[in-house]
Amino acid sequence: MNKSLEFISVIEACGLINLGYTGLPYTWCNQRNAHARVWKRLDRSMVNDKWLETMPQTAIEHLHLWALITVLCYGKCLNSSTIAHFLINGKWNERKLRQQVPPLLIPHILSTSFQHQQGLKDTAIWKPTEAGNFSCVSAREICRHRKDTTGINSQLWNKNIPFKMSFLLWRALRNKLPTNENLANFGVEPVKCFCCINQGWDDVYHIFNEGHFAAHIWNYFTGPMGVNFLQPSLTSRLLNLGEIQGKNEAHKTLIQALPIVICWNLWKNRCSVKYGDKKPNSSRVKYMVLKGILFHLNSAFPYIQWPLKWIEVFDMIEKCKHDVKVTPIIWKTTPTNRYKLNTDDSALHNPGKIGRRGILRNEVGDIIYAFAIPLGEGTNNHAEIQDASYGLN
Ligand SMILES: [Zn+2]
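Note that the UniProt record's numbering has the sequence shown beginning at 1, numbered continuously upward.
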């Protein structure tokens, strides 16, 4: 604080004015991944009255890192200067750079090494790509700050799992749920949990991981998978599950869906006790988790008859094998000047949404016409007839 005050008094004594800036709000980044990234404005530009008298149009603009490519290669800002213009004996001429290039860019330029070849024209390159070529796609990749898709993030999202369930786990991992602990910031009193006899506090750690109730549910479902029911955090539960090698697609789906469904039901149990008139009940939660798991397995693998007990589901799923059946199909050619129409129907349910499709081919098998058209509601027989009549017409 003392140092700041001294600094401010020096600024005032020298009559310095902060010029402000235009362009990007930050001038420095720690270059770490999205969760640990820090952006800051480190640079300030101050001048005195004399400066402003001689150069009244001084303005500060924060340029982005790749602006250096624009500045040096296109040279629009620098009266068509080329790279060679800023070199001396194959090295950067710092003095010349300082005359013409914005100070913010100079450290980046000086740390950029390259082989200068005489007679070659300057071309723009985009350093971060492996191939070394500039591309708009690579620029966009850098700007968009794509979310980390490895580790826990990859375990959260799956097309067969409803978004609301994945999102709940996402919030639980970040402690962004309206527990009483979090509501305390708004003046709500902390309360004991709504799940256990040996009560803990109503916070994310207790509800989803540490509480007696949560540990019991985790143990019931993940115990047979070899995961210790005592874990230091929800994150470590996910990491432990993520380390299990899925033996087949169904097993992988189960490993991914299980923690999401468990957390969803732990939260539902907590809320139905807090806001409804229910009592905490581990049998109900176990039943609901199993029902949720079976729902996901059925929607992903509708042709498998899953048992209704957890231990049987678990036993069966590890033994599932991918069955590959090969059926040879031979397309018989037609006599010359004849065409052949192959049709098939599709029905989501019977009766249900139906559609028709077909291919018309000539005697050598070239496709003359093909179609795939939805037919609305109906039966599969209805669709078959429609296929043929449409194809013939
Ligand atoms: Zn509890």
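Backbone N, C-alpha and C define an ideal beta-carbon position, used for all residues, glycine too.
{"Item": "Roughly how many whole angstroms lie between the Cα atoms of Leu87 and Leu173?", "Value": "53 Å"}
{"Item": "Just the C-alpha distance for Asn209 and Tyr369, rounded to the nearest angstrom, thanks.", "Value": "60 Å"}
{"Item": "Can you give the Cα-Cα distance for Phe167 and Thr235, rounded to whole angstroms?", "Value": "15 Å"}
{"Item": "Is it the case that the Cβ atoms of Trp264 and Gly223 are separated by a distance below 8 Å?", "Value": "no"}
{"Item": "One question on the structure: do Lys204 and Leu169 come within less than 8 Å of each other, judged by their Cβ atoms?", "Value": "With the sequence shown as reference, residue 204 is identified as Val, and Lys is not the correct amino acid for it. Cβ distance not < 8 Å, so Val204 and Leu169 don't count as in contact."}
{"Item": "In this structure, does DSSP put residue 457 in helix, strand or coil?", "Value": "Any property of residue 457 remains undetermined from this structure, which presents the chain solely from 1 to 393."}
{"Item": "Going by C-alpha distance, which of Asp323, Pro328, Ile367 is nearest Leu341?", "Value": "Ile367"}
{"Item": "Residues in its own chain within less than 8 Å of Ala13 by CB, not counting five upstream and five downstream?", "Value": "none"}
{"Item": "Per the DSSP calculation, Arg171 is bridged to which residue(s)?", "Value": "None, per the DSSP bridge assignment."}
{"Item": "Per DSSP, Val47 forms a beta bridge with which residues?", "Value": "Ile17"}
{"Item": "Ligand 1 heavy atoms versus the CB of Gln199: any closer than 7 Å?", "Value": "yes"}
{"Item": "For the candidate residues Leu104, Asp277, Lys321, Ser4, whose alpha-carbon lies nearest to that of Cys29?", "Value": "Leu104"}
{"Item": "Apart from the five residues on each side of it in sequence, which residues of its chain come closer than 6 Å, Cβ to Cβ, to Thr334?", "Value": "Lys340, Glu363"}
{"Item": "Mind checking whether Glu384 and Pro351 have CB atoms under 8 Å apart?", "Value": "no"}
{"Item": "Using the three-state DSSP reduction, which class does Thr112 fall into: helix, strand or coil?", "Value": "coil"}
{"Item": "Should Thr58 be labelled buried (16 or more other beta-carbon atoms within 10 Å of its own) or exposed?", "Value": "exposed"}
{"Item": "Of all Cβ atoms in chain C, is any one closer than 8 Å to the Cβ of His116?", "Value": "Although the question refers to chain C, the structure presented lacks it and comprises just one protein chain."}
{"Item": "For Trp39, is the classification buried or exposed, using 16 other Cβ atoms within 10 angstroms of its Cβ as the cut-off for buried?", "Value": "exposed"}
{"Item": "Run the proximity test for His216: is its beta-carbon closer than 7 Å to any non-hydrogen atom belonging to ligand 1?", "Value": "no"}
{"Item": "Do Thr179 and Ile207 have their CB atoms nearer than 8 Å?", "Value": "yes"}
{"Item": "What are the partner residues of Leu360, as DSSP defines its beta bridges?", "Value": "Leu341, Tyr369"}
{"Item": "Buried or exposed for Ala214, going by 16 or more other Cβ atoms inside 10 Å?", "Value": "buried"}
{"Item": "Are Trp310 and Phe221 close, meaning C-beta to C-beta below 8 Å?", "Value": "yes"}
{"Item": "To the nearest angstrom, report how far apart Leu5 and Ile11 are at their CA atoms.", "Value": "10 Å"}
{"Item": "By DSSP, does Phe246 sit in helix, in strand, or in coil?", "Value": "The question names Phe, yet the displayed sequence has Gly at residue 246. Here Gly246 sits in coil by DSSP."}
{"Item": "Suppose you measure from the CA of Phe194 to the CA of His296; what does that come to, to the nearest Å?", "Value": "28 Å"}
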